[in-house]
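A.B. asks: Have a look at this one.
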């Protein structure tokens, strides 16, 4: 995907094995972060501000109930912590997906009606990432590294990425 960079442990470079040693992965993240930043600064941007439509807030309401956003954030954290932890099961992932679908609908409703605030944007992004994590975990067919689903059959071994 053009313009998407992966650095540090997620890049799986193999430079320091599985990158589970904090000092090694930290060093790799710092080195590759610097290289990526330099590359981005030296690369012509794909979009200019003239190509982007101007922001229009006409008809959007202010977010009146920040308490609802805080409640949704708490619900998101509890769902991910309880249902999508280190030891996963298919039923818990399905329950998490149902809860996230409801939460996403509520957040999307607020998103469409109200002017974005920092809290609303962050919550919307977190819900989207949570949904991607659950979808990926649900599609997992083997246990690898820290991604473990107790419902996978005995033939699926726990593997380390090295």
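Residue numbers (my numbering): 221 to 382.
Here a beta-carbon is modelled for each residue, glycine too, at the ideal position from N, C-alpha and C.
1) In the DSSP assignment, what are the bridge partners of residue 367?
2) By how many angstroms is the C-alpha of residue 365 removed from the C-alpha of residue 381?
3) My understanding is that residue 312 touches residue 298, with C-beta atoms under 8 Å, so please give their C-beta distance in whole angstroms.
4) Quick one: is residue 350 buried, meaning 16 or more other Cβ sit within 10 Å of its Cβ, or exposed?
5) If you run the structure through DSSP and keep just helix, strand and coil, what is residue 308?
6) Can you tell which of 248, 310 and 279 has its C-alpha closest to the C-alpha of residue 355?
7) Find the nearest neighbour of residue 222 within the set 260, 255 and 247, judged by alpha-carbon distance.
C.D. replies: Taking the geometry as given:
1) BP columns for residue 367 point to 364.
2) Bear in mind that a pLDDT of 45 at residue 381, under 50, signals an unreliable position, so the number given afterwards is only what the model happens to contain. Answer to the nearest angstrom: the Cα atoms are 6 Å apart.
3) Residue 312 to residue 298, Cβ: 13 Å. No contact.
4) Buried is the call here.
5) Shown here, residue 308 sits in a strand according to DSSP, grouped into three states.
6) The candidate whose alpha carbon is nearest that of residue 355 is 310.
7) With distances taken between Cα atoms, residue 222 lies closest to 260.
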